[in-house]
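Enquirer:
Following this line, the structure appears as structure tokens:
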């Protein structure tokens, strides 16, 4: 897949995909949006204060930014709990491209940026397991392939970073089938966070029995979406009308 590197307005890097004709991140600030959506609004930062373990499932590894931010937070707070980070990427970039990514200004430990090429070197189709740091108890599992082919029966994610290209260009990752599979890979209290606020995407989540809520988006975006299998996780957010959205989705109202 043909890509080109761009600097976003907060100084952090992103890629532009010629295939999907979209940026990988918000051009107004890649790192700023990722921190807001996946770490702050999801509740992950608060979760880490008391957790004894953490499992994350990410759809769309992209530039590796979300994983890099996680490492930085763990190191910043000296969090030594076991962390499993599972991520799916159908079109990984090569290590040479990753060498050009720059997120240093958004890291408390900017030296972590130097790890990025190692995440992308020698990836083989299927599952690749990497131990990125001797200081942290973290395992990175990169699945090089499509989500529809990904199967790990023992995986139960505490958080899902749903970060693929938008529904307009990558519709297969925003269907009820996808969200049903994500539910099967989740713990009972799992929280799903995504930048997307499209009604059809929310309808697909509702049709897959996720509880769904809206909240303010990052960098001027009106909304983003938080979902969970547990209603208790959404008490601080405004819920959507799940039965109505599910019905509209199933009857093709959004097509």
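Residue numbers (this note's numbering): 1 to 255. Glycine included, each C-beta is placed from N, C-alpha and C at the ideal position.
(1) DSSP three-state label for residue 86, please.
(2) Locate the alpha helix (DSSP H) running through residue 34, then write down its first and last residues.
(3) Could you pull the start and end residues of the beta strand (DSSP E) that residue 193 belongs to?
(4) Using a Cβ-Cβ cutoff of less than 6 Å, which residues in the same chain neighbour residue 101 once the five nearest sequence positions on both sides are dropped?
(5) Can you give the Cα-Cα distance for residue 111 and residue 144, rounded to whole angstroms?
(6) Taking Cβ positions, are residue 193 and residue 217 nearer each other than 8 Å?
(7) Beta-carbon within less than 8 Å of residue 104's beta-carbon, same chain only, minus the 5 sequence neighbours each way: which residues are those?
(8) Mind checking residue 203: buried by the 16 CB within 10 Å criterion, or exposed?
(9) With respect to the beta strand (DSSP E) encompassing residue 214, which residues constitute its N-terminal and C-terminal limits?
(10) Ends of the beta strand (DSSP E) at residue 19?
(11) Bridge partners of residue 143, per DSSP?
(12) Which partner residues does residue 161 have in the DSSP bridge list?
(13) Report yes if the CB atom of residue 173 is closer than 8 Å to the CB atom of residue 75, and no otherwise.
(14) Would residue 58 and residue 163 qualify as a contact pair, given that the criterion is a beta-carbon distance under 8 Å?
(15) Is it the case that the Cβ atoms of residue 226 and residue 246 are separated by a distance below 8 Å?
(16) Using the beta-carbon count (16 or more within 10 Å), is residue 238 buried or exposed?
(17) Could you say which of 70, 68, 94 lies nearest to residue 2 if we only look at CA atoms?
(18) Should residue 188 be listed as close to the ligand NAD, given that the test is whether its C-beta is under 7 Å from any heavy atom?
(19) Please return the same chain residues whose Cβ sits closer than 6 Å to the Cβ of residue 60, not counting the five positions on each side in sequence.
(20) Keeping to the same chain, check which residues put their C-beta closer than 6 Å to that of residue 85; ignore five residues upstream and five downstream.
(21) Using 8 Å as the threshold, is the C-beta distance between residue 52 and residue 73 below it?
(22) Reducing DSSP to helix, strand and coil, say where residue 5 ends up.
(23) With burial defined as no fewer than 16 other Cβ atoms inside 10 Å of the residue's Cβ, what is the status of residue 8: buried or exposed?
Expert: Once the coordinates are examined:
(1) Residue 86: strand per DSSP, three-state reduction.
(2) 30 to 34
(3) Run containing residue 193: 186 to 194, per the beta strand (DSSP E) assignment.
(4) 13, 63, 116
(5) Residue 111 and residue 144 have their C-alpha atoms spaced approximately 26 Å apart.
(6) no
(7) If we look at residue 104 and ignore the five residues flanking it on each side, its Cβ neighbours are 110, 113.
(8) buried
(9) Per DSSP, residue 214 belongs to the beta strand (DSSP E) from 211 to 215.
(10) Counting along the chain, residue 19 falls outside any beta strand (DSSP E), and DSSP gives it neither H nor E.
(11) 88, 127
(12) 58, 193
(13) no
(14) In this structure, residue 58 sits near residue 163, with a CB-CB distance shorter than 8 Å.
(15) no
(16) exposed
(17) 94
(18) The ligand NAD is not part of the structure shown, which contains no ligands of any sort.
(19) If we look at residue 60 and ignore the five residues flanking it on each side, its Cβ neighbours are 163, 164.
(20) 56, 67, 140
(21) Taking 8 Å as the Cβ cut-off, residue 52 and residue 73 do not qualify as a contacting pair.
(22) In the displayed model, residue 5 falls within a strand according to three-state DSSP.
(23) buried
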